[in-house]
Amino acid sequence: MKMTPPPTDFEPVINDNPWREGRIGLVAIFIFFGVFGMWAAFAPLDAGVVAAGEVIVSGNRQVVQHREGGVISRVAVREGDHVVEGQILVELAAVELQAQERALTGQKIELEASRARLLAEAAHRNQVERPQSWAALSDEYTLIADAVLARQQTELRARRQAVFAQTGIQGERQSQLNARMSGYQDQIAAIDRQNALISEELEGLRTLAAEGFAAETRVRSVERAQAELVGRRAELSALIEQSRGGVGEARMQSLSIREDRAQLIAQELRLAETQLAELIPRLEAVKTQLEASRVRAPAAGAVVGLAFFNEGAVVGPGEHILEIVPDEQDMIMRVRIRPMDADNVVTGQPVNVRLAAFEGRQMPYVHGAVTRVSADRFEDARSGARYFETEVRVQGAELARISAAMGGRDLRLSPGLPVEVVIPMRKRTALQYLLEPLEQAVWRSFREN
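Heads up: the sequence shown begins at 1 in the UniProt record's numbering, then just goes up one per residue.
Shown next, in the form of structure tokens:
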């Protein structure tokens, strides 16, 4: 009896087309090279000159000198100190200038305070205003100015009181004369009333005397009394006019006192202004000379090459004192370019720079520009290699990118630090880069003898 094997769930697959796997491989190869070719045809891969160089700081160092020289009274910095712009580095002895500056400043304070007091007097103010120029005074001079201002305030009160006293006397005199005139006028009024009564009495007496009922002597007596009243009235009128003249004179005296005071104030004010106009240029000249004795930092940076260390040292005119390596100045690099690449480098051409001395893949390239290309080639005395010398400048803002890439660390660039410079030459794609050696070989092959 013939046994048949039981059926199984898995049957072997028999490949009827052995070229199928080959076709799949070819398609994959074509796709790979097609995608790569498209990428190479469009992917930018610019040509450039790669050159090595180093940082130079000699062009950026600022030499600190003194035009006239002198004896050092204080050295305020040490070698390697970091200074800010305007910081005092060295002070030269200037005793006479300091004495002149104190004396002239004191005179200026006195004149300015006097002018402020005169202006207050002219404006009839009770308080002397503090001059605005005093806001810039040092603490030492501020104390002096406060004392001077207090003294001028006292003088202002005294002068005002003197004027008030003089004008007050004239005012009191006017009051007295006005009171006298009022009394005289009252007496005249009384005399007028008496005269009216006497006139009536005299008229009656004359009638009686004409009829023989009154004595003629009685009439004459009443007439004499009336005449005396008239005389007294005239005398009082003269006194009133005299008093009125005295009032006018007192008023004029009061006005004259004020006018004389105003003229005196104006005269003193002109004198103070004239003296200030003469004093200020002298003071500024002394301050300029005194400031010249203080050698200050021309820029923020590090102190190098300090030539004097002690007080009493003598600095000659124009003699080197120290140097400042600025912080925020542009970085200058000297780069060597091969002669075959020199034609592709021109002044003003943008470049990419990397500081090769600092490790780290995150170190960014910074942008710079070519500032100088040597007119002729040089030859290295040791290796005999020929090159063109090129200078590249990187602005201070670009250096901040390096500092940021280093975690904000303060970056100190010293002379001699190696750099790597890439100078772009022309635009090209990756495909052109790959085919360029073949094109050059073909170009040479058709030109052989």
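Beta carbons: idealized from backbone N, C-alpha and C, even for Gly.
The shortest CA-to-CA distance from V95 to any of A103, T207, I88 is the one to A103. When C-alpha distances from V90 are compared across L236, R294, L197, G246, the shortest belongs to R294. Of all alpha-carbon atoms in L118, H124, E110, Q153, the one lying nearest the alpha-carbon of W134 is that of E110. No Cβ-Cβ contact shorter than 8 Å links R115 with E155. Judged by DSSP in its simplified three-state form, P424 adopts strand. Distance between L92 and E311, taken at the CA atoms: about 9 Å. Cβ neighbours of Q107 within its own chain (closer than 7 Å, five residues either side excluded): L279. Here A120 has Q127, V128, E129, L156 as same chain residues with Cβ atoms under 7 Å from its own Cβ, once five neighbours each way along the sequence are excluded. For the set L417, A215, D341, P317, the Cα lying nearest the Cα of V64 is the one of P317. Inclusion of Q174 and I257 in the CB contact set at 8 Å is not warranted, their separation being larger than that value.
Setting aside the 5 residues that flank it on each side, R261 is surrounded in the same chain by V163, each with a C-beta closer than 6 Å to its C-beta; the list follows chain order.
Annotation: the continuous beta strand (DSSP E) that includes V353 extends over 350-355. Contact between F388 and V370 does not hold, since their C-beta atoms are separated by about 11 Å, which reaches or exceeds 8 Å. In this structure, DSSP gives F388 an extended state, which the three-state scheme calls strand. For A99 and S138, the gap between their C-alpha atoms comes out near 16 Å. Counting only the Cα atoms, E54 lies some 5 Å from G416. By alpha-carbon distance to E223, the top candidate from G246, L197, Q242, G301 is L197. The C-alpha of Q152 is placed about 38 Å away from the C-alpha of R296. A straight-line Cα-Cα distance of about 14 Å links N195 and G204. Scanning E235, R160, E200 for the CA closest to the CA of Q185 turns up E235. Around the CB of T288, fewer than 16 other CB atoms lie within 10 Å, so the residue is classed as exposed. The straight-line gap separating the alpha-carbon atoms of Q395 and D330 is approximately 4 Å. Look at V77 here: in three-state DSSP terms it is coil, with no helix or strand label. The stretch 204-218 makes no contact with the stretch 239-247: fewer than 3 CB pairs, one atom from each, lie closer than 8 Å.
If you look at M331, you'll find it in the beta strand (DSSP E) that goes 331-337.
Within the same chain, Cβ atoms closer than 6 Å to the Cβ of R180 are found at S243, the five residues on either side in sequence being excluded. Around the beta carbon of H66, 16 or more other beta carbons sit within 10 angstroms, so the residue counts as buried. Straight-line spacing of the CA atoms in G212 and E228 works out to 26 Å. The beta carbon of V219 lies closer than 8 Å to those of L202, L205, R206, A209 in the same chain, with the five residues before and after it left out. It is roughly 10 Å from the alpha-carbon of H367 to the alpha-carbon of V421. In this model, S383 and A285 are separated by some 60 Å (Cα to Cα). Under the 10 Å beta carbon count, M333 is surrounded by 16 or more other beta carbons and is classified as buried.
In terms of CA proximity to R78, G305 leads the group V351, A313, G305.
Taking C-beta atoms under 8 Å as the contact rule, R61 and E323 qualify, at a distance of about 5 Å.
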